[in-house]
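In UniProt numbering, the protein residues as written are 1 to 274.
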């Protein structure tokens, strides 16, 4: 049975505040959810800072087919909503998408150092984290502002989550990758539900912090010619598979904690709670 829409919207309000409180987003960045009763529609806030989302009136409904609003309003749209629409279009079982500019992760989208799972909570990162470089896809006359502002660029980003051939254009249930870095922009993460996507977004930041600290510590102790990639021991293939499976059963625990933490903060408002 599908989760009632009002519960989804209430959770989406809370999720906006959680990803703000955890540093996944600031004034920029966004989260969306697929409509629980209409697979071809997704929901995200109007163009506003995530921490200011507080009511059902703050949300807009968009068509998965082309990112267009289901109903025209005076509210401003997120220009990068095509990140979300094209992921939902390509992957049938993806129901939540988060886009972030987190400073902890951004260096891995700038340098050639690969973001890898380095502890047991981040097996979802997989053996590698793909990098989407929009610069390689620009056409003559386009602004090189790194923003995903149309269907074409959104579709190219969405394709980076999968190693499957998309020549047929048919949708697949789930991609091979849960996180894609965006060159000089940051990252996008997806999940089968809000709790999973938020968990992955928060722990992608944690992994980046730990990996960066590990590189710094190891390089301080090793000769200057030591290989940066070899300096830090990430998870093995078996550990990636097994830890990823284990964490799928624990999303409620961090979510429940983050809800309490977020409600205690001054910016939190959820008018759907009464």
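The beta-carbon is built from N, C-alpha and C at its ideal position, and this holds for glycine as well. Note that the structure is predicted; figures quoted are calculated from it, not measured.
Measure the C-alpha to C-alpha separation of residue i and residue j and round it to an integer number of angstroms.
i           : j           : result
residue 80  : residue 6   : 25 Å
residue 222 : residue 213 : 14 Å
residue 156 : residue 107 : 22 Å
residue 26  : residue 49  : 7 Å
residue 267 : residue 140 : 43 Å
residue 167 : residue 272 : Model confidence at residue 167 stands at a pLDDT of 48, short of 50, so the residue's coordinates are unreliable and nothing is read from them.
residue 208 : residue 249 : 23 Å
residue 30  : residue 100 : 7 Å
residue 18  : residue 53  : 11 Å
residue 350 : residue 61  : Nothing in the structure corresponds to residue 350, since the chain is present only between 1 and 274.
residue 220 : residue 130 : 28 Å
residue 16  : residue 240 : 28 Å
residue 63  : residue 71  : 10 Å
residue 252 : residue 135 : 39 Å
residue 217 : residue 211 : 10 Å
residue 203 : residue 247 : 11 Å
residue 187 : residue 22  : 15 Å
residue 318 : residue 205 : Nothing about residue 318 can be read from this structure; the chain reaches only from 1 to 274.
residue 68  : residue 10  : 23 Å
residue 51  : residue 36  : 23 Å
residue 198 : residue 109 : 20 Å
According to DSSP, which residues form a beta bridge with residue i?
i           : result
residue 181 : 131, 187
residue 83  : Note: residue 83 sits in no beta bridge, so no partner.
residue 88  : Per DSSP, none; premise fails for residue 88.
residue 75  : For residue 75, which the question treats as bridged, DSSP gives no partner whatsoever.
residue 172 : 91
residue 69  : 62
Going by DSSP, what residue range makes up the alpha helix (DSSP H) through residue i?
i           : result
residue 272 : Premise fails: residue 272 is in no alpha helix (DSSP H) and is neither H nor E.
residue 44  : First-last for residue 44: 41 to 45, but that is the beta strand (DSSP E), not the alpha helix (DSSP H).
residue 8   : 5 to 21
residue 153 : 151 to 159
residue 24  : Counting along the chain, residue 24 falls outside any alpha helix (DSSP H), and DSSP gives it neither H nor E.
residue 198 : 194 to 221
Under 7 Å Cβ to Cβ from residue i, same chain only, skipping five residues before and after it: list those, please.
i           : result
residue 33  : 8, 12, 42, 43, 95, 96, 194
residue 234 : 116, 117, 118
residue 40  : 63, 64, 65
residue 257 : none
residue 3   : 36
residue 102 : 23, 24, 186, 205
Assuming residue i is part of the beta strand (DSSP E), what are its boundary residues?
i           : result
residue 250 : Residue 250 -> no beta strand (DSSP E), and no H or E assigned at all.
residue 60  : 59 to 63
residue 349 : Outside the modelled stretch of the chain, which goes from 1 to 274, sits residue 349, for which no answer is possible.
residue 100 : 96 to 100
Is any non-hydrogen atom of the ligand HEM found closer than 8 Å to the C-beta of residue i, if you look at the structure I gave you?
i           : result
residue 272 : This structure simply doesn't include the ligand HEM, nor any ligand for that matter.
Can you find the residues in the same chain that come closer than 8 Å, C-beta to C-beta, to residue i, ignoring five residues on each side of it along the sequence?
i           : result
residue 178 : 124, 125, 126, 161, 189, 190, 191, 200
residue 66  : 85, 151
Enumerate in chain order the residues of its own chain whose CB-to-CB distance from residue i is below 6 Å, with the five nearest sequence positions on each side excluded.
i           : result
residue 255 : 195
residue 243 : 120, 123
residue 132 : 157, 160, 180, 182
residue 55  : 271
Touch test, the stretch 142 to 152 against the stretch 74 to 94, Cβ-Cβ under 8 Å, three pairs minimum: yes
Counting Cβ pairs closer than 8 Å, one from the stretch 131 to 149 and one from the stretch 250 to 269, do we hit at least three? no
Quick test of the definition: if touching needs 3 or more C-beta pairs under 8 Å, does the stretch 86 to 94 touch the stretch 107 to 123? no
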